[in-house]
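First the structure, in the form of structure tokens, and then the observations on it.
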Amino acid sequence: MSGFVEKPVPVEVPGLTHLHTGKVRDLYGTADGHLVMVASDRVSAFDWVLPTEIPDKGRLLTQLSLWWFERLADLTANHVVSDTPPAGAPADWAGRTLVCRRLDMVPVECVARGYLTGSGLAEYRVSGEVCGVPLPEGLTDGSRLERPIFTPATKAEVGEHDENVSYATVAARHGEPLAAALRDRTLALYTRGREIAEERGILLADTKFEFGRDDAGRLVLADEVFTPDSSRFWPAASWRPGRPQPSFDKQYIRDWLTSPASGWDRAAEVAPPPLPENVVARTREKYVEAFERLTGSRPDLG
Numbered sequence: 009m010s011g012f013v014e015k016p017v018p019v020e021v022p023g024l025t026h027l028h029t030g031k032v033r034d035l036y037g038t039a040d041g042h043l044v045m046v047a048s049d050r051v052s053a054f055d056w057v058l059p060t061e062i063p064d065k066g067r068l069l070t071q072l073s074l075w076w077f078e079r080l081a082d083l084t085a086n087h088v089v090s091d092t093p094p095a096g097a098p099a100d101w102a103g104r105t106l107v108c109r110r111l112d113m114v115p116v117e118c119v120a121r122g123y124l125t126g127s128g129l130a131e132y133r134v135s136g137e138v139c140g141v142p143l144p145e146g147l148t149d150g151s152r153l154e155r156p157i158f159t160p161a162t163k164a165e166v167g168e169h170d171e172n173v174s175y176a177t178v179a180a181r182h183g184e185p186l187a188a189a190l191r192d193r194t195l196a197l198y199t200r201g202r203e204i205a206e207e208r209g210i211l212l213a214d215t216k217f218e219f220g221r222d223d224a225g226r227l228v229l230a231d232e233v234f235t236p237d238s239s240r241f242w243p244a245a246s247w248r249p250g251r252p253q254p255s256f257d258k259q260y261i262r263d264w265l266t267s268p269a270s271g272w273d274r275a276a277e278v279a280p281p282p283l284p285e286n287v288v289a290r291t292r293e294k295y296v297e298a299f300e301r302l303t304g305s306r307p308d309l310g
């Protein structure tokens with residue numbers, strides 16, 4: 009059992025049709041065929057959407073994605089039409105809303121890894137490979153890979169695990185041309201993101217993208233890009249292979265949930281408890297710090 013601890017009730021907006029409530033984002037349809045994507049302050053961990061929100065998280069994710077979309081525009085088209093909320097939308101939607109093109113979404117999480125950690129490390133320890141990609145012996149937690157690798161996963165519903173798969177599996181399910189395009193686009197974007205992050209003293213360990221096809225069949229970058237929710241960012245100055253790395257994401261929440269302080273037994277499949285104020289504050293600080301270090305500016309949080 010997992011999913012929403014408390015599933016939110018969708019906001020009703022005249023002229024918009026609610027389509028989906030995700031872990032973080034709510035999707036609406038417009039009369040002219042666009043999508044409205046609203047990033048909430050919800051946060052998930054261990055496949056649970058937690059009952060406690062992180063203030064300003066939705067605005068931080070949205071503004072950081074927009075910053076990155078601009079810097080990737082020569083590599084790929086993206087789905088953004090406008091960042092102005094539709095008429096009649098709640099005032100709280102300002103700064104957290106994107107009006108987007110509708111796409112035929114590709115049901116593949118396109119993951120790029122430049123460092124070995126997380127599920128990739130677990131798989132490597134068993135087989136010496138990650139998603140069918142053989143890696144050298146002797147790598148450890150946080151090891152930098154000789155070259156970035158494409159390690160796709162199947163997309164799962166809220167509360168379900170994404171499943172790592174091989175490139176061959178993607179090609180068998182979706183065709184070799186699309187699989188190759190996803191791989192090449194993913195690695196090109198990751199390489200650009202890693203270069204920009206490293207200039208700012210941050211290592212981009214891994215990241216995931218979502219793509220869709222427009223009416224002409226072209227691949228278009230969708231959802232979010234290079235945010236702390238979709239990427240692992242590590243401070244370059246403290247990188248030490250052989251141990252877990254400090255990070256600019258929700259690792260602080262994961263650490264608290266698995267500590268005795270939370271009193272939560274993950275194996276019991278019961279809902280996680282609310283987060284204490286200090287964990288909320290520290291997590292928000294991490295998101296703000298990631299934004300400021302990457303962009304060199306302060307976020308507009310109203």
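Read left to right, the sequence shown gives residues 9 to 310 (my numbering).
Cβ coordinates follow ideal geometry from the N, Cα and C atoms, glycine included.
Quick caveat: nothing in here was measured; it's all calculated off a predicted structure.
Thinking residue i and residue j are a contact (beta carbons under 8 Å), I'd like their distance in whole angstroms, please.
{"i": "F200", "j": "L80", "result": "A small fix is needed here, since residue 200 is Arg in this sequence, not Phe. About 6 Å separates the two Cβ atoms, so the contact holds."}
{"i": "G220", "j": "H87", "result": "7 Å"}
{"i": "P254", "j": "W242", "result": "7 Å"}
{"i": "F158", "j": "R191", "result": "4 Å"}
{"i": "L302", "j": "R208", "result": "6 Å"}
Pick helix, strand or coil for residue i, following the three-state DSSP scheme.
{"i": "S90", "result": "strand"}
{"i": "P249", "result": "coil"}
{"i": "K65", "result": "helix"}
{"i": "T105", "result": "strand"}
{"i": "R306", "result": "coil"}
{"i": "L143", "result": "coil"}
{"i": "W4", "result": "This structure cannot settle anything about residue 4, because the visible part of the chain is limited to 9 through 310."}
{"i": "A130", "result": "helix"}
{"i": "E117", "result": "strand"}
{"i": "T84", "result": "coil"}
{"i": "G201", "result": "helix"}
{"i": "R208", "result": "coil"}
{"i": "A230", "result": "strand"}
{"i": "G167", "result": "Residue placement at G167 is poorly supported in this model, since its pLDDT is 45, which falls under 50; the coordinates still yield a value, given next. Looking at G167 - three-state DSSP - the assignment turns out to be coil, as it is neither helix nor strand."}
{"i": "V287", "result": "helix"}
{"i": "F217", "result": "strand"}
{"i": "F256", "result": "coil"}
Report all residues from its chain with a CB closer than 6 Å to the CB of residue i; omit the five preceding and five following residues, and keep chain order.
{"i": "K216", "result": "E117, V119, S238"}
{"i": "K294", "result": "F256"}
{"i": "Q71", "result": "P307"}
{"i": "S52", "result": "K31"}
{"i": "D214", "result": "R121, R240"}
{"i": "F12", "result": "V57"}
In the DSSP assignment, what are the bridge partners of residue i?
{"i": "N172", "result": "A161"}
{"i": "Y123", "result": "R152"}
{"i": "L24", "result": "T38"}
{"i": "A53", "result": "W56"}
{"i": "A47", "result": "R33"}
{"i": "F299", "result": "Answer is none; F299 lacks a bridge partner."}
Report yes if the CB atom of residue i is closer than 9 Å to the CB atom of residue j, and no otherwise.
{"i": "R67", "j": "L229", "result": "no"}
{"i": "S174", "j": "G225", "result": "no"}
{"i": "V46", "j": "T105", "result": "yes"}
{"i": "S90", "j": "V107", "result": "yes"}
{"i": "P160", "j": "V134", "result": "no"}
{"i": "V44", "j": "L35", "result": "yes"}
{"i": "T84", "j": "R152", "result": "no"}
{"i": "R292", "j": "D64", "result": "yes"}
Suppose the cutoff is 7 Å on Cβ atoms and the five residues either side in sequence are ignored; what does the same chain contact list for residue i look like?
{"i": "V288", "result": "T60, I62"}
{"i": "E232", "result": "L69, S73, S238"}
{"i": "N172", "result": "S127, E131, C139, T159, A161"}
{"i": "G3", "result": "The first residue shown for the chain is 9 and the last is 310, placing residue 3 beyond what the model contains."}
Can you list, in chain order, the residues of its chain whose CB lies under 8 Å from that of residue i, leaving out five sequence neighbours each side?
{"i": "R290", "result": "Y260"}
{"i": "R202", "result": "G122, P156, L211, L212"}
{"i": "R262", "result": "A53, F54"}
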